Each structure stands twice: as structure tokens, then as C-alpha cells.
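Those sequence lines, one after another, are chains A and Y.
The first sequence begins at 1 in the UniProt record's numbering and counts up one residue at a time.
The second sequence begins at 1 in the UniProt record's numbering and counts up one residue at a time.
Here a beta-carbon is modelled for each residue, glycine too, at the ideal position from N, C-alpha and C.
Please read these numbers as outputs of a predicted model, since none were measured by experiment.
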Amino acid sequence: MRLPPARGPLSEWLIGRLCEPQRTAVSPAYRSKLPWADEDLQLSLWIAYELHYRGFEDAAIDGQWDPEVLAFRAMLEREWVAWLERECRVMPSDAPIAEQLRELVDAEDGPRLSAYVRRHATLDQFRQFVANKSVYQLKEADPHSFGIPRVDGPTKAALVEIQSDEYGGGRPERMHAELFRTTMRWLGLNDAYGNYVPEAPAVTLAVSNVMSLFAMHRRWTPALLGHLAALEMTSTLPNRQYAAGALRLGATAQDARYFTEHVEADAVHEQIAAHDLCGSYVDDHPTALSDVLFGASCALKLDNLFAHHLLDQWKDKQCVAS
Amino acid sequence: MTTNAEEPATAIRAYPNGPILVRGDFELLDEDGVPVATDRRTVALCRCGRSAIAPLCDGTHSLLPRTPRS
Ligand code: FES
Ligand SMILES: [Fe+2]
Ligand SMILES: [Fe+2]
């Protein structure tokens with residue numbers, strides 16, 4: 001993919017630096033009260049992280065390790081992490097980690113995006129939902145794969161078992177990102193990697209950026225595992241509803257397979273993630289408990305904000321239309 | 001397939017307030033003895049009785065009241 005258009009002074013500086021590394025302009029300073037909603041910040045983070053995934057055709061080949069870019073990203077991350085810490089840090093208890101994760105998930109009474117999608121979403125709204133999702137889903141599982149070389153024994157075995165399923169178990173056509181492409185094509189969406197990044201709102205980029213933050217820094221490995229567990233534990237029920245919504249809107253079983261596949265697969269993954277992955281990790285690293293929960297809580301919080309964003313937009317449209 | 005005492009061909013594990021995971025070599029038949037279509041290496045079998053895709057688990061158990069472990 002190519003570098004997306006800038007959204008403010010931060011992304012402008014970063015894109016400039018990546019296109020012309022010999023340029024010596026100083027990066028602008030940064031302050032924000034609401035990092036998750038800051039378009040310029042989230043796009044800049046997204047670009048900085050993407051250098052470690054597929055990268056950009058028009059960026060300097062080793063922009064990934066440009067010390068100026070890394071220092072710039074670290075500056076942005078300071079505010080971003082401070083906000084996450086304020087909003088998402090939870091007090092651990094003595095209960096087994098799987099139970100604590102379950103409690104966190106159950107306590108989250110977010111907006112009912114999946115129920116809305118199932119019953120009311122128009123084809124256009126479904127398309128918008130999927131286009132937003134594609135920012136992460138076209139690299140589904142990739143952030144969590146960064147955790148593999150950082151863990152051992154049963155934790156590694158559990159992580160690899162989940163990831164192997166996400167990547168299709170050796171069959172590219174079963175890879176979750178590929179199943180997602182089928183759904184995109186049904187909706188007439190462009191399934192090229194990163195195609196909807198330029199128009200994705202800050203909150204959509206933030207959903208991806210939080211996993212990349214945990215993926216890039218070894219120090220956040222426990223949060224990365226907790227994040228994965230939260231994704232897996234909040235997957236089966238919504239995906240059942242998304243599948244029903246897609247079928248209502250005329251999808252074939254194949255078009256909706258991404259969603260139905262996640263009902264079956266994540267019924268397995270949620271147990272492995274909560275009990276085997278996080279369970280064994282916390283057994284080996286008792287002091288990591290709080291960070292595991294923190295990662296899960298971050299995933300839930302951002303998913304919530306994303307759901308709010310879409311539903312609010314759709315509600316406003318309804319008001320205008322009626 | 002080689003088997004020995006330390007490494008059974010199939011591992012079956014129950015999860016608290018959740019399904020049973022079956023891993024390894026198995027054949028899954030429904031109530032009429034018809035093979036259940038799944039090409040998964042690990043499956044989750046419902047034990048709450050509420051799954052819409054029984055005998056597989058579909059996550060519905062998480063909506064039911066949980067019994068604490070004794
Ligand atoms: S055990 Fe999961 S749906 Fe019954
Ligand atoms: Fe998946
Ligand atoms: Fe999964």
C-alpha cells in the first residue's frame with residue numbers, strides 16, 4: 001500500500017520524513033486530552049506501526065528503524081499509554097485469571113452493535129461496518145503473532161494453536177483474513193490491504209493501534225495476551241449476530257462464512273486463550289496478572305468506543321432521514 | 001499414528017462453566033450416527049445443552065449463570 005494522506009502536523013511530519021529521510025525538520029510537539037479520537041495522532045501511530053507489518057511502497061526502505069521515527073513514535077505513545085492507563089487499568093483479585101477475564105467481559109455493557117447489525121443495519125451500514133473492520137481484519141492475528149517468540153512452554157503452545165487456526169492451518173483459503181476478503185467482495189468493497197485506512201476514523205485506527213502498541217514492545221507481552229483473550233472471549237455471540245445480519249441482507253453461506261467460522265473457531269479459542277494461554281502465563285509470571293487484565297480491558301474499551309461511533313453515526317442519519 | 005502411555009492419541013479436557021475440548025484423533029458422530037462435518041483439529045463440545053450448533057459449542061454457555069468451582 002501507499003502512504004495515506006496526512007491529517008495534521010504530526011502525520012505530515014512523519015510522511016515527509018518517510019518519503020525524504022534526509023530532511024531535517026524537527027518533529028512537532030504533541031499534546032492531546034483525547035488520544036483515541038485524535039485523527040492526526042491515530043493516523044501517525046498507525047503509519048509508524050505499519051512500518052513493522054507490510055510497510056508502504058513509497059516510504060524509505062529502512063524507515064522502520066529510522067531513529068527519528070522511533071523517537072517520534074515514542075513521544076506519541078507516551079500520551080496514548082497514559083490515557084489507556086487512566087481509562088483501562090483494573091484492580092486484580094485473587095481469583096483465577098480466567099475468572100477475572102470472564103468478569104471483565106461480563107461487566108462490559110457496551111452498545112448493542114451486533115444486535116443492531118443483525119436486525120436493522122442497511123446494506124450500506126453493513127458495508128461501512130465491514131470497511132472499518134478491514135483495517136484490522138486484513139491483518140487479522142498478525143499483532144498477536146509478535147508474542148510467539150516472547151513466551152515459552154504451554155503459553156507458546158496455546159498461542160501457536162490459536163494463531164495456526166487464524167492463519168487457516170496451512171490452507172490459505174481458510175485464513176481468517178481471506179474469509180474476510182470474501183465478505184468484502186460480496187459487499188462490493190475493495191479488498192486490497194489498507195485500502196480503507198485513508199477514510200477510517202481515529203477510533204478505527206485506535207482499535208488496531210492498541211494491539212500494535214502491545215505487539216511492538218516486549219514489555220507489554222502480558223497485555224498482548226490479555227488483549228487476545230478479550231477478543232476471543234467476545235467473539236462467538238456477536239459473530240452469530242453478524243452472520244444473521246449478513247444472511248438477512250442476502251449474503252450466501254460462503255459470503256457469511258467469515259462470521260460463522262468465528263462462532264465455531266472462537267468457541268475453542270476462548271477456552272484456550274483464557275485458561276491455557278493467560279492461565280499458564282500468569283502461573284509463570286505472577287506479577288504480570290495486572291497487565292494481562294489491562295490488555296483485556298483496553299481491547300474491550302476500544303471496541304466499545306468503536307461501536308458507539310458507528311451507532312451514533314447511524315442514529316444521526318436516521319434523524320436526518322425521518 | 002504412534003501411541004504410547006505418555007502421549008495419548010486424543011486429549012479431552014473440560015473447562016469450568018464451558019465446553020469440553022477434544023484434541024487429536026477423533027470421529028464425531030451426531031445422535032443419528034451421522035458424522036458431524038468439521039475439519040477442525042480441536043473441537044469444543046457443548047455441555048450446557050444450549051448450543052444452536054450442538055454437539056459443538058457456540059459460546060451460548062457464557063449467557064448462563066455460572067457455578068463457582070468448589
Ligand atoms: S458449552 Fe458452550 S454453548 Fe454449551
Ligand atoms: Fe479469527
Ligand atoms: Fe479466534
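Option in the options with minimal Cα separation from residue i
| i | options | result |
| --- | --- | --- |
| Y/L64 | A/R102, A/P111, A/P67 and A/L213 | A/R102 |
| A/S280 | A/L51, A/P96 and A/R23 | A/P96 |
| A/Y312 | A/G194, A/L289, A/H262 and A/L113 | Just to set this straight, residue 312 of chain A is Asp in the shown sequence, not Tyr. The shortest Cα separation from A/D312 among A/G194, A/L289, A/H262 and A/L113 belongs to A/L113. |
| A/L225 | A/E264, A/P4 and A/A98 | A/A98 |
| residue 345 of chain A | A/A60, A/R119, A/A141 and A/V130 | Absent from the structure is residue 345 of chain A, since the part of chain A shown begins at 1 and ends at 322. |
| A/R248 | A/E68, A/Y116 and A/C88 | A/Y116 |
| A/L104 | A/A256, A/T252, A/R219 and A/L231 | A/L231 |
| A/T122 | A/Y136, A/D284 and A/A251 | A/A251 |
| residue 144 of chain Y | Y/S62, Y/N17, Y/L28 and Y/G59 | This structure cannot speak to residue 144 of chain Y, because chain Y is shown only from 1 to 70. |
| A/S164 | A/E140, A/V203, A/V26 and A/E87 | A/E140 |
| Y/R13 | Y/L45, Y/G49 and Y/H61 | Y/L45 |
| A/W46 | A/A25, A/V69 and A/K33 | A/V69 |
| A/E57 | A/D94, A/C19 and A/H308 | A/C19 |
| A/D142 | A/M75, A/D94, A/Y53 and A/G188 | A/Y53 |
| A/M233 | A/E261, A/Q254 and A/V268 | A/V268 |
| A/V203 | A/D66, A/A177, A/L187 and A/A299 | A/A299 |
| A/S290 | A/D62, A/E85, A/L237 and A/L14 | A/E85 |
| A/I162 | A/N195, A/S145 and A/R171 | A/S145 |
| A/R17 | A/E39, A/A37, A/F129 and A/R73 | A/R73 |
| A/T182 | A/P4, A/V151, A/V26 and A/R257 | A/R257 |
| A/A37 | A/K301, A/W314, A/R218 and A/K315 | A/K301 |
| A/L310 | A/G168, A/D124 and A/P222 | A/D124 |
| A/R185 | A/H217, A/L138, A/P154 and A/E166 | A/L138 |
| A/G188 | A/T287, A/D106, A/A223 and A/D255 | A/D255 |
| A/P111 | A/A307, A/G170 and A/W314 | A/A307 |
| A/A243 | A/A200, A/V130 and A/D303 | A/V130 |
| Y/G33 | Y/T60, Y/T10, Y/P55 and Y/R50 | Y/P55 |
| Y/R23 | Y/N17, Y/D30, Y/A11 and Y/G49 | Y/A11 |
| A/W220 | A/D106, A/R150 and A/L51 | A/R150 |
| Y/I53 | Y/F26, Y/P16 and Y/D30 | Y/D30 |
| A/M216 | A/G153, A/E50, A/V197 and A/R119 | A/E50 |
| A/P67 | A/R119, A/V197, A/G55 and A/L14 | A/L14 |
| A/G106 | A/L237, A/T287 and A/K317 | Per the sequence presented here, residue 106 of chain A reads as Asp, with Gly not at that position. Out of A/L237, A/T287 and A/K317, A/L237 has the C-alpha closest to the C-alpha of A/D106. |
| A/A200 | A/R174, A/Q128 and A/P222 | A/Q128 |
| A/G55 | A/Q241, A/R2 and A/T155 | A/R2 |
| A/A273 | A/L228, A/K315 and A/R174 | A/L228 |
| A/D191 | A/K133, A/G169 and A/R218 | A/K133 |
| A/C88 | A/K317, A/E12 and A/D303 | A/D303 |
Contact list for residue i against chain Y, beta-carbon separation under 7 Å
| i | result |
| --- | --- |
| A/R240 | D58 |
| A/H275 | Y15 |
Presumed contact (8 Å Cβ cut-off) between residue i and residue j, rounded CB distance
| i | j | result |
| --- | --- | --- |
| A/P92 | A/L305 | Wrong, their Cβ atoms sit about 23 Å apart, outside the cutoff. |
| A/V90 | A/S297 | 5 Å |
| Y/P19 | A/Q271 | 7 Å |
| A/F214 | A/N239 | Not really, about 23 Å apart at Cβ, beyond 8 Å. |
| Y/L21 | Y/T38 | About 13 Å separates the two Cβ atoms, so there is no contact after all. |
| A/P35 | A/E79 | 5 Å |
| A/V135 | A/I148 | That belief does not hold up - the Cβ atoms of A/V135 and A/I148 are roughly 23 Å apart, past 8 Å. |
| A/S32 | A/L43 | Going by Cβ atoms, the distance from A/S32 to A/L43 rounds to 13 Å, so no, they are not a contact pair. |
| A/E108 | A/L179 | Going by Cβ atoms, the distance from A/E108 to A/L179 rounds to 26 Å, so no, they are not a contact pair. |
| A/S235 | A/D266 | 4 Å |
| A/F126 | A/G245 | 6 Å |
| A/A158 | A/L277 | 4 Å |
| A/P4 | A/G63 | In fact, because the Cβ distance is near 15 Å, the residues do not count as touching under 8 Å. |
| A/V263 | Y/D58 | 5 Å |
| A/H285 | A/P222 | 7 Å |
Bridge-paired residues (DSSP) for residue i
| i | result |
| --- | --- |
| Y/A11 | Y/R23 |
| A/A158 | Its beta-bridge partners do not exist; DSSP assigns none. |
| Y/T42 | Y/R23 |
| Y/P35 | Y/L29 |
| A/L228 | Answer by DSSP bridge pairing: none, since A/L228 is not bridged. |
| Y/L56 | Y/L45 |
Neighbour list for residue i in chain A, Cβ cutoff strictly below 7 Å
| i | result |
| --- | --- |
| Y/G18 | Q271 |
| Y/L21 | V268 and Q271 |
Proximal chain A residues relative to residue i, where beta-carbon distance stays under 8 Å
| i | result |
| --- | --- |
| Y/I53 | V263 and E264 |
Proximal residues of chain A, C-beta to C-beta of residue i below 9 Å
| i | result |
| --- | --- |
| Y/V43 | E264, A267 and V268 |
Contact list for residue i against chain Y, beta-carbon separation under 9 Å
| i | result |
| --- | --- |
| A/G169 | D39, R40 and R41 |
| A/T236 | C57, D58, G59, T60 and S62 |
Residue i Cβ short of 8 Å to ligand 5 heavy atom set
| i | result |
| --- | --- |
| A/L300 | Inclusion of ligand 5 in the displayed structure is not the case, the ligand content consisting of ligand 1, ligand 2 and ligand 3 alone. |
Around ligand 2, Cβ to any heavy atom closer than 6 Å, ordered along the chain: A/E140, A/E166, A/H176 and A/H262
Ligand 1 site residues, beta-carbon cut 7 Å against heavy atoms: A/A267, Y/G18, Y/P19, Y/A44, Y/C46, Y/R47, Y/C48, Y/G49, Y/R50, Y/S51, Y/C57, Y/D58, Y/G59, Y/T60 and Y/H61
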